[in-house]
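Undergrad: Protein sequences appear in the order of chains E and S. Its first residue numbered 6, the first sequence is counted upward by one per residue in our numbering. Its first residue numbered 79, the second sequence is counted upward by one per residue in our numbering.
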Amino acid sequence: MSDERENAIDVREAVKRYGDFTALKTISLTIKDNEFFTLLGPSGCGKTTLLRMIAGFENVTEGEILLYGQEIENLPPYKRPVNTVFQNYALFPHMTILDNVAFGLEMRGNSKADARKRAGEVLELVQLSQFAARKPSQLSGGQQQRVALARALAPQPKVLLLDEPLSALDLKLRKAMQIELKHLQRETGITFIFVTHDQEEALTMSDRIAVMSAGELQQLGEARDIYERPRNMFVADFIGETNLLEVSVDAVEGGRAKCHLGGGHELTCNAVDEIGAGSTVHMSVRPERLFMSDAPTESESLKGTVKENIYIGTDLSTIIALADGPDFIVRTSNSDRGIKRIFEPGSDIYVNMEQGAARLLID
Amino acid sequence: MSKGKYDIKSFPGFRAITLLCLFILYAPLLVVTVYSFNDSQSLTVWEGLSWRWYADVFTGPESGKFKEAARNSFVIAIVAATTATIIATLAATAMVRGGKFKLRSISFGLISLPLMVPEIVTAVAVLIFFNSIGFERGLMTILISHIAFCIPFAYLPISARMQGIEDTYEQAAMDLYATKRQAFTKILLPLMMPGIISGFLLAFIVSLDDFIITNFVKGAGVETLPTAIFGSVKQGLKPNIMAISTMLLSVSVVMVTISYFVSKSDNTK
Ligand SMILES: Nc1ncnc2c1ncn2[C@@H]1O[C@H](COP(=O)(O)OP(=O)(O)OP(=O)(O)O)[C@@H](O)[C@H]1O
Ligand SMILES: [Mg+2]
């Protein structure tokens, strides 16, 4: 990724307070031009608040927000080259689909004919041309969603804000729209800021993800970074499935930490600067990074007993209890069945992990 | 719940009481309407169908007075309802979109209180008010007082409609480069239109039918339809009064019906 690109949005130590409730606690982040950027976090963490501050519907209590280098705090929403796809779409119910899409262009000063022509083109882009003359209430949820997208894209904003635009769609349509959105972003070259509380959606679509919780930025990075190298407990737990276990750190050396689990099982984790020997912290290891065997292997091996096998479609999830220790979850892809054995409940086995699969986490 | 032994229809006497209520409410109107077509000088003796008394209203000895009064009534009703509707629309916008301001519930009380004040009290108060500021009584005083008491009638359907309109529509408009004013005229106003029309029609009817306040503030020689009818009745009941009442009734029924359907209608489908 080249860092030559201009910054689309610069949030500098922005704070948002509602009375004495602090919704955002000193957030700083930059969003690059032409990037698919996702704000990810659980309900109530302040994603919408940050989006509304960028759109201009909420003022910034402290700090500042720059749009392509320009301070925007004093610009009303209608002077910001930023468009929003609202969570509930907010299509104008008394206007036809075409007029909805043409609205932004008209308000920007394009002639009615020109605005409609452009709107027609954008409707084509989202494959809704045949519905141009209908009212929003005559469309399905998925179609309305695409109209909202077309309406926000038509005036060619510099930045497009999307507030959980897919949350009302069923799973199948949702997956299709995820891909469609990603393509649209590539084709138009517009910077997308996408809000979701669905970690899978975020991982699928984003160039970079900002994980938020309780008004604070927890981690910012590319999807792979966030998934494979979660910085703290919250991120490891929130993104994907993981084995989150308490460990005592015995020694730290060369980026590796010798630790032991409850029951005395020893293992080596990736160390982090903040954690030294003698502390009791958590570590995370993804279930798909673990595998089972009858005998110890060259990798890290922990002895345990199979408790239960759970079939989950693509994968088989196996719960293993370490002797006097915690439980591990191991995921085996069902396509690997030929290669990897199924261990029946009650079998004594070893849980193995490659070097670097387990990571220590700060709290 | 609506079926079975708690069904209100199975309560003893339900049907009888319902019929009695309907009878008391509508029998007099029915009698007036039917007898307005009576071909007789008498109010009570039926002598066959005729348009005679309708013709009398338009061409009879009192026709000049009635025509003048009808013109006054309609002019006042149109102007008063229009003005009241504009004021009520602005009031509703401020009340529903103004956020939480301190005097909000008091403001709402002030707007709707006139609905609960006995009309005679309002009438006396308005009369004293006009007298004390030395306003000469006439069409203008009627008009001003009608505007005043029409506002709450226009306000209620408008604000009810507006409460159902989420403010994300205006936000979406402003997000799409519409100024506040454009968001109001292009988005909010059209969405409010059914409420506004319904409010206008209600205000119109209330103004057209008003008697008590009008009777107090009208100048000598200035009549509206209700006061003219009353004046005529004082000189003796004639069947032409039934004809004119029936016409007034039908105007009201038509307006209320339109108002009902407009408020139910939806310009979003
Ligand atoms: N106008 C307001 N006044 C007071 N508190 C508010 C206001 N708007 C939002 N909040 C609070 O700020 C916090 C963040 O809200 P926000 O809407 O940004 O959450 P979110 O991350 O978008 O959540 P969700 O996923 O549920 O949409 C919440 O605790 C919310 O209660
Ligand atoms: Mg939200």
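From the three backbone atoms N, C-alpha and C, an ideal C-beta is built for every residue, glycine too.
Quick test of the definition: if touching needs 3 or more C-beta pairs under 8 Å, does the stretch 224-233 of chain S touch the stretch 40-50 of chain E?
TA: Result no; under three Cβ-Cβ pairs closer than 8 Å.
Undergrad: For tyrosine 255 (chain S), go through chain E and note every residue whose CB falls closer than 7 Å to its CB, in chain order.
TA: For the purposes of this step, residue 255 (chain S) is identified with residue 177 of the second sequence, where counting begins at 1. Within chain E, the residues near tyrosine 255 (chain S) are Tyr83, Gly109, Met112, Arg113, Pro160.
Undergrad: So what does DSSP say about glutamine 224 (chain E), is it helix, strand or coil?
TA: Mapped onto the first sequence, residue 224 (chain E) falls at position 219. DSSP places glutamine 224 (chain E) in strand when its eight states are reduced to three.
Undergrad: Quick one: which chain E residues come within Cβ less than 7 Å of alanine 170 (chain S)?
TA: One-based indexing of the second sequence puts residue 170 (chain S) at position 92. Within 7 Å Cβ-Cβ: nothing; alanine 170 (chain S) doesn't reach chain E, min ~18 Å.
Undergrad: Which value, in whole angstroms, describes the spacing of the CA atoms of proline 139 (chain S) and leucine 121 (chain S)?
TA: What you label residue 139 (chain S) is simply residue 61 of the second sequence in a count that begins at 1. What you label residue 121 (chain S) is simply residue 43 of the second sequence in a count that begins at 1. When rounded, the distance between both Cα atoms is 18 Å.
Undergrad: Below 8 Å between beta carbons: does that hold for valine 164 (chain E) and leucine 96 (chain E)?
TA: Position 159 of the first sequence, counted from the first residue, corresponds to residue 164 (chain E). Position 91 of the first sequence, counted from the first residue, corresponds to residue 96 (chain E). For valine 164 (chain E) and leucine 96 (chain E), no; Cβs fall outside 8 Å.
Undergrad: When the cut-off is 8 Å and only beta carbons count, does glutamine 249 (chain S) lie next to chain E?
TA: What you label residue 249 (chain S) is simply residue 171 of the second sequence in a count that begins at 1. Closer than 8 Å to some Cβ of chain E, the Cβ of glutamine 249 (chain S) qualifies, so yes.
Undergrad: Kindly give me the distance between the Cβ atoms of methionine 238 (chain E) and aspartate 332 (chain E), rounded to whole angstroms, as I take these residues to be in contact under 8 Å.
TA: If you number the first sequence from 1, residue 238 (chain E) lands on position 233. If you number the first sequence from 1, residue 332 (chain E) lands on position 327. Not quite, the Cβ-Cβ distance comes to about 18 Å (not below 8 Å), so this is no contact.
Undergrad: Drop a sphere of 10 angstroms on the beta-carbon of isoleucine 86 (chain S), count the other beta-carbons inside from all chains shown, and report buried for 16 or more, exposed for fewer.
TA: In the second sequence, the residue the question calls residue 86 (chain S) occupies position 8. Label assigned to isoleucine 86 (chain S): exposed.
Undergrad: If you measure from the beta carbon of asparagine 248 (chain E) to each beta carbon in chain S, is any gap under 8 Å?
TA: Locating residue 248 (chain E) in the first sequence gives position 243, where the first residue counts as 1. Judged by the 8 Å Cβ criterion, asparagine 248 (chain E) is not in contact with chain S.
Undergrad: Going by DSSP, what residues sit across from methionine 297 (chain E) in a beta bridge?
TA: Stepping through the first sequence from its first residue, residue 297 (chain E) is reached at position 292. Methionine 297 (chain E) is bridged to E:Val356.
Undergrad: Quick one: what's glutamate 76 (chain E) bridged to in DSSP?
TA: The residue labelled residue 76 (chain E) in the question sits at position 71 within the first sequence. DSSP, once it has assigned bridges, lists E:Leu71 as partnering glutamate 76 (chain E).
Undergrad: Between E:Val216, E:Ile231, E:Lys84, E:Arg234, which has its C-alpha nearest methionine 252 (chain S)'s C-alpha?
TA: Along the second sequence, one-based indexing puts residue 252 (chain S) at 174. Residue E:Lys84 is the option with its Cα nearest to methionine 252 (chain S).
Undergrad: Can you list, in chain order, the residues of the stretch 153-184 of chain S whose Cβ is nearer than 9 Å to any Cβ on chain E?
TA: Taking 9 Å as the Cβ-Cβ cut-off against chain E, none of the residues of the stretch 153-184 of chain S qualify.
Undergrad: Whose beta carbon lies closer than 7 Å to any heavy atom of ligand 2, going through the chain in order?
TA: The answer, residue by residue, is E:Lys52, E:Thr53, E:Gln92, E:Asp168, E:Glu169, E:Val200.
Undergrad: Check each candidate in E:Asn275, E:Ser116, E:Phe91 and name the one with the smallest Cα separation from glutamate 244 (chain S).
TA: The sequence position of residue 244 (chain S) within the second sequence is 166, counting from 1. It is E:Phe91.
Undergrad: What residue ranges within the stretch 54-133 of chain E form continuous beta strand (DSSP E) runs of no fewer than 3 residues, ordered along the chain?
TA: Whole beta strand (DSSP E) segments, 3+ residues: 67-72, 87-90.
Undergrad: Whose C-alpha, out of S:Gly314, S:Pro272, S:Phe289, is nearest the C-alpha of phenylalanine 339 (chain S)?
TA: For the purposes of this step, residue 339 (chain S) is taken as residue 261 along the second sequence, with counting starting at 1. The candidate whose alpha carbon is nearest that of phenylalanine 339 (chain S) is S:Pro272.
Undergrad: Classify arginine 236 (chain E): buried if its beta carbon has 16 or more other beta carbons within 10 angstroms, exposed otherwise.
TA: Numbered from its first residue, the first sequence carries residue 236 (chain E) at position 231. Counting Cβ neighbours within 10 Å, arginine 236 (chain E) comes out buried, since at least 16 surround it.
Undergrad: Going by beta carbon distance, what residues of the same chain come within less than 7 Å of lysine 117 (chain E), once the five residues before and after it are set aside?
TA: Position 112 of the first sequence, counted from the first residue, corresponds to residue 117 (chain E). If we look at lysine 117 (chain E) and ignore the five residues flanking it on each side, its Cβ neighbours are Glu111.
Undergrad: Look up lysine 21 (chain E) in the DSSP assignment and give the residues it is bridged to.
TA: In the first sequence, residue 21 (chain E) corresponds to position 16, counting from 1. Paired residue(s): E:Leu29.
Undergrad: The alpha helix (DSSP H) with isoleucine 236 (chain S) in it runs from where to where?
TA: The residue given as residue 236 (chain S) occupies position 158 in the second sequence. Taken as a continuous stretch (DSSP letters only), the alpha helix (DSSP H) holding isoleucine 236 (chain S) covers 217-241.
Undergrad: What does asparagine 93 (chain E) reach in chain S if we use C-beta pairs closer than 7 Å?
TA: Position 88 of the first sequence holds residue 93 (chain E). Within 7 Å Cβ-Cβ: Thr246.
Undergrad: Could you check what DSSP says for glutamate 248 (chain S) in three-state terms: helix, strand or coil?
TA: As a working mapping, residue 248 (chain S) is identified with position 170 in the second sequence. Helix, per DSSP.
Undergrad: Using only alpha-carbon positions, find the residue among E:Asn12, E:Ile77, E:Ala207, E:Val152 that is nearest to glutamine 132 (chain E).
TA: Against the first sequence, residue 132 (chain E) aligns to sequence position 127. That would be E:Val152, whose Cα lies nearest to the Cα of glutamine 132 (chain E).
Undergrad: Would a check of beta-carbon distances place proline 139 (chain S) closer than 8 Å to chain E?
TA: Position 61 of the second sequence, counted from the start, is the residue given in the question as residue 139 (chain S). Cβ-Cβ to chain E under 8 Å: no for proline 139 (chain S).
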